[in-house]
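Quick note, the sequence shown lines up with residues 1 to 214 if you use UniProt numbering. Idealized CB from N, CA, C, for every residue including glycine.
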Amino acid sequence: MLKYRIIPVTPFDQNCSLVWCDETMRGAVVDPGGDLDRVYAVMKEEGVTLDKILLTHAHIDHAGAAADLADEHSLPIVGPHKGDDYWIQGLPQQSKMFGFKEARIFEPAQWLQDGESVQVGNVTLSVLHCPGHTPGHVVFFDPVTKLAIVGDVLFNGSIGRTDFPGGDHATLIRSIKEKLFTLGGDVEFIPGHGPMSTFDYEMKTNPFVGGQWG
Ligand SMILES: [Zn+2]
Ligand SMILES: [Zn+2]
1 MLKYRIIPVT
11 PFDQNCSLVW
21 CDETMRGAVV
31 DPGGDLDRVY
41 AVMKEEGVTL
51 DKILLTHAHI
61 DHAGAAADLA
71 DEHSLPIVGP
81 HKGDDYWIQG
91 LPQQSKMFGF
101 KEARIFEPAQ
111 WLQDGESVQV
121 GNVTLSVLHC
131 PGHTPGHVVF
141 FDPVTKLAIV
151 GDVLFNGSIG
161 RTDFPGGDHA
171 TLIRSIKEKL
181 FTLGGDVEFI
191 PGHGPMSTFD
201 YEMKTNPFVG
211 GQWG
């Protein structure tokens, strides 16, 4: 079964996640934006061996330390969708702009597409392409534990920004309603920033996606 620990990293408190299969203790780091020492501490605590790095999208706070982590542990970088390649090429510039440690460009071992799956030990995560915040944003979903890792698509009470180059509000709303909410209201999700929530709670309360109580 899938287990996870959320590790806030970078000055943006980005929710990096360590996910792993509790049968094999093999795992992946989702969105290593920075502060790898914190990630390594949790890995050690949980006794997880890393197989890969997964990326939801290539903004600096999510992908800034992907190249370093890949090199230090000889890991393949899997994702995001190739629509985010221009963000990867722009990582050095992004790190300067936001005052982050210099981030390096990398080449993912595998770009992801909608409908594909990625393996974490014995756990199979579904890949959903959810553009809008960035063109190549993907979401990882475990149908067994009903957990989604949604990056900056949807937050508890909010949605991702669409004012960056390549962002599009209508596309983002469509991704949330057609790709995420159709997975079921009982799905719990880890957003890129802030506390966890469920799709049901967001459908009812999130004013950006039609919720009434916001
Ligand atoms: Zn982002
Ligand atoms: Zn973010």
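* Using only alpha-carbon positions, find the residue among H193, N122, N156 that is nearest to N206. => Nearest of H193, N122, N156 to N206, Cα basis: N156.
* Candidates S95, E107, M1, F98: closest to D84 by CA position -> Measuring C-alpha to C-alpha distances from D84 to each of S95, E107, M1, F98 identifies E107 as the nearest.
* In terms of alpha-carbon separation, which member of M203, C16, L36, H57 lies closest to T134? -> Closest by alpha carbon: H57.
* Roughly how many angstroms lie between the CA atoms of Y4 and W20, to the nearest whole one? -> Roughly 6 Å separates the two Cα atoms.
* Would T171 pass as a contact of G121 if the rule is Cβ separation under 7 Å? -> Contact: no.
* With DSSP run on the structure shown, which of helix, strand or coil describes G83? -> It is helical.
* **E178 classed as buried or exposed, judged by whether at least 16 other C-beta atoms fall within 10 angstroms** => Its Cβ having fewer than 16 others within 10 Å, E178 is exposed.
* Selection from G136, L128, A63 that minimises the alpha carbon distance to I180 -> In the sequence on display, residue 180 carries Leu and not Ile. In this structure, L128 is the residue among G136, L128, A63 with its C-alpha nearest to the C-alpha of L180.
* Quick one: using the 10 Å Cβ neighbour count with 16 as the cut-off for buried, is residue 216 buried or exposed? => Given that the chain is displayed from residue 1 to residue 214, the structure contains no residue 216 and the question cannot be resolved.
* Asked: Relative to ligand 1, what is the chain-ordered list of residues with a Cβ closer than 7 Å to any of its non-hydrogen atoms?
  -> Those residues are H57, H59, D61, H62, H133, T134, G151, D152, G160, G192, given in chain order.
* **N15 - partner residues in DSSP beta bridges** => The partner list for N15 (beta bridge, DSSP) reads P8.
* Asked: Thinking just about the alpha-carbon of each residue, which of D61, A28, G47, T124 is nearest to the one in V78?
  -> Minimum Cα distance to V78 is reached at A28.
* Close Cβ partners of F141 (< 7 Å) along its chain, the five nearest in sequence each way excluded -> Sequence-distant partners of F141 (beyond 5 residues in either direction) whose C-beta falls short of 7 Å from its own C-beta, in its chain, are L125, S126, L128, A148, L183.
* In the DSSP assignment, what are the bridge partners of G151? -> Paired residue(s): P191.
* Asked: Alpha carbon to alpha carbon, what distance is there between F199 and A63?
  -> Taking the straight line from one Cα to the other gives about 25 Å.
* To the nearest angstrom, report how far apart H81 and R26 are at their CA atoms. => Each residue's alpha carbon lies about 23 Å from the other.
* Please check the pair M1 and D22, which I expect to be a contact at CB under 8 Å, by giving their CB distance rounded to whole angstroms. => Yes, M1 and D22 are in contact; Cβ-Cβ is about 5 Å, under 8 Å.
* Asked: When the distance is taken between beta carbons, is P32 closer than 7 Å to A67?
  -> No, the pair does not count as a contact, with Cβ atoms beyond the cut-off.
* Asked: What is the rounded straight-line gap between the Cα of V30 and the Cα of D186?
  -> Taking the straight line joining both Cα atoms gives about 22 Å.
* To do: Ignore the nearest five residues each way along the sequence and tell me which others in V48's own chain have a CB closer than 7 Å to its CB.
  => Here V48 has L18, W20, M25, G27 as same chain residues with Cβ atoms under 7 Å from its own Cβ, once five neighbours each way along the sequence are excluded.
* Asked: Curious, which full-length beta strand (DSSP E) runs of at least 3 residues does the segment 26 to 101 contain?
  -> DSSP assignment within the segment 26 to 101 yields the following whole beta strand (DSSP E) runs of 3 residues or more, N-terminal first: 26 to 30, 49 to 54.
* Where the alpha helix (DSSP H) containing D200 begins and where it ends -> D200 -> alpha helix (DSSP H) spans 199 to 205.
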